[in-house]
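Working notes, beginning with the structure itself.
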Amino acid sequence: MVVNATSIEDCKQACLENCSCMAVLFTARECVWVTKVFSLRSIQSEVVGYNSPAYLKVQLSPSNENKKKVHLNPSSENKKVILGATVGAVTTFVLLVIIVTLFLRRRKYEEKDEFDFDQLPGMLTRFSFEKLSECTEGFSKKLGDGGFGSVFQGELGEEKVAVKRLEGARQGKKEFLAEVETIGSIEHINLVRLIGFCAEKSERLLVYEYMSRGSLDRWIYYRHNNAPLDWCTRSRIILDIAKGLCYLHEECRHIIAHLDIKPQNILLDDNFNAKVADFGLCKLINRDQSKVVTMMRGTPGYLAPEWLTSRITEKVDVYSFGVVLMEIVSGRKNIDNSQPEEDVQLINLLREKAQNNHLIDLIDRHVEDMVSHQEEVIQMMKLAIWCLQHDSILRPSMSTVIKALEGAISIETLDTNSVMPVQDNPSTYSVTSQASMLSGPR
């Protein structure tokens, strides 16, 4: 088959584009296609084009084809490499920026945190965590559990101390600051003295003076081998508690409501002087405020009825004081499931005995001394009834309580119906009760 072609390249290209072309001869501007396979030996030298160039059409090998593709499409592959490298570099850069930003923010937060702690009032000592771990022998001597943490015995030089280590410190940071700022700025003989604190990373610790007799609960519930307290000691403890609360309510710049008055938070020294402890739940109230709104907190059995509305005053402490007073003079818990069903609730029992004029039945019989002072003890119970009034306005202030305890004013007989029965006081059970751990010396 003869095809017109101006050059040998045109001749070859024409053969490549035709499937039936097997070989091609080019001569005298003519392109001769060979469409069938034959032997060149059969061609005589006299034939025209015998000395012309001939080209056979063969298939490319796979390797050559790949090389051709690579050679023909270098830009496509390069684009993929460049795109992958660019995406990887951008991603790495963005991650680095995020990490650096988070690191700087965290450091700024920690520096601000440190600054806040450095600005705490008073002459408190700031301890390192290592120092407190060393002085408590690795927090090995546990004295008991307080609000938001456990208390350990330690020694700083020759002085014994109680170190309170907050649990879940980030969660309890507000409570920590409240306790440090409040106790660090006040000082009273009937309030536990705060010596210093520790604030390192997530660790929050408070260092208190050591109270050798531990908490009041171990001396009035008879779970230890301690001798029962006589009436003189009990009445002095009650007065000490009243003086500590009076200072918080009436003698500080702000009214300080403790919010968790109970025997576990009343600590005793060698001479059974009582001091109010554990300010983890305290609330500052401006003196021009009649009530403040706050979340329900505290311990079941010691909660005033108004907790149900979350609008409270310092009078919630007066109610709790009334409950503690009754526990001290009766020598039992306010909620005691070991008692007969009708006697489980001490406040209900007080209401019933007062209505029947049988308050003498509630006096702690473990000590004869209590019975010999029964008239004074009964007057103390009447003071408790005054503190337990359902309407907070009818409850006395703590300064009035002190006057009554010191005999400066008389305690009038009050209507016991104004003391709300426990089953009618939902706030008694509105806070999840936790197992109480009797506290040792701290």
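In short: position in the sequence shown from 1, add 146, done, that's this note's numbering. Glycine included, every Cβ here is placed at the ideal spot set by N, Cα and C. This one's a predicted model, so the numbers in the text were calculated from it and none came from an experiment.
Do you know whose CA, among the options, lies nearest residue i's CA?
i, options, result
"Ser518", "Ile506, Asn502 and Ala160", "Ile506"
"Cys177", "Cys161, Ser166 and Cys165", "Cys161"
"Val353", "Lys310, Gln525, Ile458 and Asn419", "Lys310"
"His512", "Leu385, Pro374 and Pro199", "Pro374"
"Gln525", "Leu560, Ser153, Arg541 and Glu313", "Leu560"
"Ser538", "Glu452, Asp376 and Arg380", "Glu452"
"Thr562", "Leu496, Glu460 and Pro199", "Leu496"
"Phe172", "Lys182, Asp156 and Cys165", "Asp156"
"Ser279", "Ala345, Arg339 and Thr238", "Ala345"
"Leu202", "Met168, Lys347 and Asp415", "Met168"
"Cys398", "Pro446, Ile332, Gly447 and Gln159", "Ile332"
"Lys389", "Glu552, Lys158 and Glu223", "Glu552"
"Arg380", "Thr546, Asp510, Ile244 and His536", "Asp510"
Determine the direct distance from the alpha carbon of residue j to that of residue i, and round the result to whole angstroms.
i, j, result
"Leu449", "Val236", "59 Å"
"Met357", "Leu270", "19 Å"
"Arg359", "Met527", "26 Å"
"Pro567", "Pro409", "21 Å"
"Ile548", "Val464", "12 Å"
"Glu301", "Cys281", "5 Å"
"Tyr368", "Asp424", "23 Å"
"Leu206", "Thr232", "36 Å"
"Val180", "Gly234", "56 Å"
"Ala554", "Cys378", "18 Å"
"Glu349", "Arg253", "16 Å"
"Arg541", "Ala308", "34 Å"
"Leu241", "Lys225", "24 Å"
"Met472", "Val246", "60 Å"
"Glu276", "Leu340", "19 Å"
"Pro446", "Ile407", "11 Å"
"Leu584", "Cys428", "Here Leu584 scores only 42 on pLDDT, less than 50, and its place in the model should not be relied on; the value that follows carries that caveat. Distance between the alpha carbons of Leu584 and Cys428: 22 Å."
"Ile531", "Val565", "7 Å"
"Asp291", "Glu396", "29 Å"
"Val523", "Asn372", "22 Å"
"Pro199", "Ile154", "9 Å"
"Lys347", "Lys421", "31 Å"
"Leu351", "Lys499", "45 Å"
"Phe343", "Gln485", "42 Å"
"Met516", "Ser296", "34 Å"
"Ser361", "Gln501", "33 Å"
"Asn164", "Glu223", "31 Å"
Using the Cβ count rule (16 or more neighbours within 10 Å means buried), how would you classify residue i?
i, result
"Ser274", "exposed"
"Gly444", "buried"
"Asn336", "buried"
"Leu250", "exposed"
"Ile493", "buried"
"Gln520", "exposed"
"Ile228", "exposed"
"Thr459", "buried"
"His504", "exposed"
"Ser166", "exposed"
"Asn411", "buried"
"Gln491", "buried"
"Lys182", "exposed"
"Arg478", "buried"
"Leu414", "buried"
"Val462", "buried"
"Leu248", "exposed"
"Glu487", "exposed"
"Thr578", "Low local confidence applies: a pLDDT of 42 at Thr578 is under 50, so the model's placement there is unreliable, and no value is given."
"Val204", "exposed"
"Val243", "exposed"
If we call anything under 8 Å between Cβ atoms a contact, is residue i one with residue j?
i, j, result
"Val469", "Asn483", "no"
"Phe467", "Leu391", "yes"
"Ser476", "Leu508", "yes"
"Ala550", "Leu529", "yes"
"Ile366", "Ile474", "yes"
"Lys288", "Phe298", "yes"
"Glu313", "Phe294", "yes"
"Ile387", "Phe418", "no"
With which residues is residue i paired in a DSSP beta bridge?
i, result
"Ser456", "Ser456 is not bridged to any residue."
"Tyr354", "Ala308 and Leu340"
"Trp179", "Val170"
"Arg272", "Phe343"
"Gly290", "Val297"
"Leu202", "Ala169"
"Val565", "Gln535"
"Ser361", "Leu413"
"Ala420", "Leu414"
"Gln491", "Ile481"
"Glu349", "Glu346"
"Leu302", "Glu305"
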